[in-house]
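Asker: Sharing a structure here in structure tokens format.
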Amino acid sequence: MAVKQISVFIENHSGKLAEFCNLLSKNEINMRASSLADAQDFGIVRIIVDDIYKASTILKDAECVFSIKDVIAIELPDHPGSLAKVLDILSQKDMNVEYMYAFTNHKAGSASMILRVNDVKTASELLSVNGITQISQEELSEMK
Amino acid sequence: MGNYYQPEIETASREQIHQWQSERLINQVKHVWENVPFYKNKMIEVGITPDDIKSVDDLHKLPFITKDDLKDQYPYGLLGKPLSECVRIQSTSGTTGKRVVAFYTQHDIDIWEECCARAIVAAGGTKDDVCHVSYGYGLFTGGAGLNGGSHKVGCLTLPMSSGNTERQIQFMTDLGSTILCCTPSYAAYLGETIQEKGLKDKIKLKAGIFGAEAWTEEMRHDIEEKLGIKAYDIYGLTEISGPGVSFECSDQTGMHVNEDHFIVETINPKTGEVLPIGEKGELVFTCITKEAFPLIRYRTRDIGILSLEPCSCGRTHVKMTKPLGRSDDMLIVKGVNVFPSQIETVLMNKGYPANYQIIVDRVNNSDTIEVQVEMTAEMFSDSVGDISAKEKELVDALKAMLGIYAKVKLVSPKTIARSEGKAVRIIDNRNLYKG
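Residue numbers (the working numbering), protein chains in the order written: chain A, -7 to 136; chain S, -18 to 416.
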């Protein structure tokens, strides 16, 4: 089970990130989760949105450079050790986590995480087998 | 009055210079007709034979040679002597990947070095001087030229080449350098470093001979003040021989062209029409004494003005202004020729579309160059490491092509301004050409 993430190229320059966020807000695209990776002159904004089709059309028309990738979204009990447990499971089969970022889900007692792994299919199966809750694309879209 | 390396030549009458130029041009045209088929064909195309050249006043009848001709004829197409008689090459950047290779016989080397010697003596150099040469040594003509000139004058020559400023200053103070030869930006940088270290009293410099890049009067005053010297300009290009094609005298109001070796004209760059002395135009040089790489009416794409006003130094050879601009898009960055077409070649080879902009600036007396390239979907990947690696790949490829480090900045699509028609490729913030 995977969810779609959009990665967008942004210049590391004052105003550029605001410009991007204004583009989304103008088109009423809501972000579920976001993370920003930076290099000296540029950055990559990674976002999970409620309507991926609409978002990608908007970005395309605005001539942004972006790509769409599969990532895994999981739900964890909000206490120490729950993330370490997930990472231990993944390392059993030499799964590599390239990056991850947490996001809010308004559910008391639980936290949510996006993970980018090198082998989505194997990782997803491994997590299922070990009883880790994964969030589907539909559930993500419907989150309040 | 001036110090002259070759007084009879440097103060010869205009009639004598005219006679030398006529005799030598006639011989050179015959030499080229017999030995350089490429130029012979060019002459045939315009219906000219050596018999049509009876004096220097017939120069305008001869066809031009351009940078593109050199590119097409690389490497041996303009050779005027057998390779067994050539003793050296020097080389400079071409417009794309192909460099320009100039050949020299020993005779050609001697001529060139004599011209540089004239420049050193004009700057006050004698055999008692210590000549500190910080132009790059190697294929670049700067180091080789001033090195040879210094030997001819009999100075103690310090072949420092460029870089390693600590060592430059160490030798300058320990060995008492009196004449400095390097690019103006490096002179400014040395001046600053010496001031910072409080070493101005420890150096014995009295004069400097600076060239290979454009520099303003402000830069001259800055260098003169920081180093406590008189700063002289020198001009040249590899295609014609190297530095020493012309040089500044104590008047500091223009550079005397060595007219016994090089005939200079100014032309209208669009029509090719020869302009009268005093009118701004593209500088064209004809080599009348060199044998291995004898260019006739070579278009330099440097814009300048010539003057025959009498000079207080007593030299009678025509003076030229510093280059006032270019008639093409070549840049000189850190003393190195850079053509936008070279950058375009690198981008295309690496699979980028040619949407780029070159920003040149001067920071702390040093030239900087940045190539902004528009990001594309094909180049993009969801990994900062991958994109950074691609940037580095471009930096390395540009370094290999240009010989200097150029920063690469990936920018969003459509950020590089497009004017109607041709995109603005070069933004040069250095303001080198004034007035």
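Glycine included, C-beta positions come from ideal geometry on N, C-alpha and C.
#1: Once DSSP output is grouped into helix, strand and coil, what is the label at G416(S)?
#2: Examine chain S for any beta-carbon lying closer than 9 Å to the beta-carbon of I36(A), and answer yes or no.
#3: Which full runs of the beta strand (DSSP E) of 3+ residues lie inside the segment 6 to 68 of chain A, going along the chain?
#4: Counting contacts by CB-CB distance shorter than 9 Å, is K395(S) in contact with chain A?
#5: Quick one: does I64(A) have its CB under 9 Å from some CB of chain S?
#6: Could you tell me the distance, in whole angstroms, from the CA atom of L43(S) to the CA atom of G253(S)?
#7: Quick one: list the residues of chain A neighbouring K390(S), beta-carbon separation under 7 Å, in chain order.
#8: Where does the unbroken beta strand (DSSP E) through N318(S) begin, and where does it stop?
#9: Nearest to L59(S) by alpha carbon, out of S72(S), L40(S), V82(S), V68(S)?
#10: If you follow the beta strand (DSSP E) that H132(S) is in, where does it begin and where does it stop?
#11: Just to check my reading of the structure: C67(S) and Y85(S) have Cβ atoms closer than 8 Å, yes? What is that Cβ distance to the nearest angstrom?
#12: Run through the segment 343 to 387 of chain S for me and flag every whole beta strand (DSSP E) of 3 or more residues, listed as ranges in chain order.
#13: Determine the closest residue to I44(A) out of I64(A), G7(A), I(-2)(A), I66(A), with distance taken between C-alpha atoms.
#14: Would the segment 216 to 231 of chain S count as touching the segment 101 to 117 of chain A if we require 3 or more Cβ pairs under 8 Å?
#15: Name the one or two DSSP bridge partners that P140(S) has.
#16: Does the beta-carbon of A10(A) have 16 or more other beta-carbons within 10 angstroms, so that it is buried, or is it exposed?
#17: Counting Cβ pairs, one atom from each stretch, are 3 or more of them under 8 Å apart for the segment 316 to 328 of chain S and the segment 8 to 23 of chain A?
#18: How is the beta strand (DSSP E) around K211(S) delimited, first residue to last?
#19: Determine, using beta carbons only, whether A358(S) comes closer than 9 Å to chain A.
#20: So who's on the other strand from T107(S), going by DSSP bridges?
#21: Determine whether the Cβ of I340(S) lies closer than 9 Å to any Cβ atom of chain A.
#22: In this structure, how does DSSP classify G262(S) when only helix, strand and coil are distinguished?
#23: I want to know whether the segment 157 to 177 of chain S touches the segment 104 to 120 of chain S - three or more CB-CB distances under 8 Å.
#24: With R201(S) as the anchor, note down where its beta strand (DSSP E) starts and where it stops.
#25: Smallest Cα separation from K133(S): which of S142(S), G117(S), T107(S), P140(S)?
#26: Report yes or no: do the segment 384 to 397 of chain S and the segment 187 to 203 of chain S share at least 3 C-beta pairs separated by less than 8 Å?
#27: Express the C-alpha separation of S322(S) and L208(S) in angstroms, rounding to a whole number.
#28: Could you name the residues of the segment 88 to 113 of chain A whose beta carbon sits closer than 7 Å to any beta carbon of chain S, in the order they occur along the chain?
#29: Answer yes or no: do S48(A) and V37(A) have a C-beta to C-beta separation smaller than 9 Å?
#30: If you draw a straight line from the alpha carbon of P224(S) to that of M356(S), how long is it in whole angstroms?
#31: Helix, strand or coil: how does DSSP classify Q233(S) here?
#32: Quick one: any contact between the segment 334 to 354 of chain S and the segment 269 to 278 of chain S, if contact means 3 or more CB pairs under 8 Å?
#33: Quick one: list the residues of chain S neighbouring S26(A), beta-carbon separation under 9 Å, in chain order.
#34: Please classify P224(S): does DSSP put it in a helix, a strand, or coil?
#35: Quick one: list the residues of chain S neighbouring E134(A), beta-carbon separation under 8 Å, in chain order.
#36: Who are the Cβ neighbours of V27(S) in its own chain at under 7 Å, not counting the five residues just before and after it?
Answerer: To lay it out plainly:
#1: For G416(S), the predicted model reports a pLDDT of 44, less than 50, meaning its position is unreliable; a value from the coordinates is still stated below. In the structure shown, G416(S) sits in coil (DSSP, three-state: anything other than H, G, I, E or B).
#2: So, interface residue.
#3: You should have 23 to 30, 34 to 41.
#4: Residue-level contact check: K395(S) touches chain A, since one or more beta carbons of chain A fall below 9 Å from its beta carbon.
#5: Judged by the 9 Å Cβ criterion, I64(A) is not in contact with chain S.
#6: In a straight line, the C-alpha of L43(S) is about 11 Å away from that of G253(S).
#7: Those are D33, listed as they occur along chain A.
#8: Start and end: 317 to 319.
#9: Nearest C-alpha to L59(S) among S72(S), L40(S), V82(S), V68(S): V82(S).
#10: Where H132(S) is concerned, there is no enclosing beta strand (DSSP E), although the alpha helix (DSSP H) it sits in stretches over 122 to 134.
#11: Under the criterion of beta carbons closer than 8 Å, C67(S) and Y85(S) qualify as touching, at roughly 6 Å.
#12: With a minimum length of 3 residues, the unbroken runs of beta strand (DSSP E) contained wholly in the segment 343 to 387 of chain S fall at 347 to 355.
#13: Considering only alpha carbons, the answer is I(-2)(A).
#14: Flag = no, the segment 216 to 231 of chain S and the segment 101 to 117 of chain A do not touch.
#15: In the DSSP assignment, P140(S) is bridged to V114(S).
#16: Exposed, because fewer than 16 other Cβ atoms sit within 10 Å of the Cβ of A10(A).
#17: Touching, no, given that fewer than three Cβ pairs across the two stretches are closer than 8 Å.
#18: Unbroken beta strand (DSSP E) run through K211(S): 211 to 218.
#19: Put simply, the CB of A358(S) is near chain A, with a gap under 9 Å to one of its CB atoms.
#20: Checking the DSSP bridge columns, you'll see T107(S) has no partner listed.
#21: Cβ-Cβ to chain A under 9 Å: no for I340(S).
#22: Correct three-state label for G262(S): strand.
#23: With a cut-off of 8 Å, the segment 104 to 120 of chain S and the segment 157 to 177 of chain S count as touching, because enough Cβ pairs lie within range.
#24: In the DSSP assignment, R201(S) falls outside any beta strand (DSSP E) and within the unbroken alpha helix (DSSP H) covering 198 to 208.
#25: Nearest C-alpha to K133(S): T107(S).
#26: With contact defined as three or more Cβ pairs closer than 8 Å, the segment 384 to 397 of chain S and the segment 187 to 203 of chain S are not in contact.
#27: Spanning the two alpha carbons is a distance of roughly 38 Å.
#28: Answer set for the segment 88 to 113 of chain A: empty.
#29: Contact annotation: S48(A) and V37(A) have beta-carbon atoms that are not nearer than 9 Å.
#30: The straight-line gap from Cα to Cα measures roughly 41 Å.
#31: Residue state, collapsed to three classes: coil.
#32: No, because fewer than three Cβ pairs between the segment 334 to 354 of chain S and the segment 269 to 278 of chain S fall closer than 8 Å, the two stretches do not touch.
#33: In chain order: nothing, as chain S lies at least about 14 Å away.
#34: Here P224(S) sits in strand by DSSP.
#35: Within 8 Å Cβ-Cβ: nothing; E134(A) doesn't reach chain S, min ~25 Å.
#36: For V27(S), where only same-chain residues beyond five positions count, the Cβ hits under 7 Å are P44.
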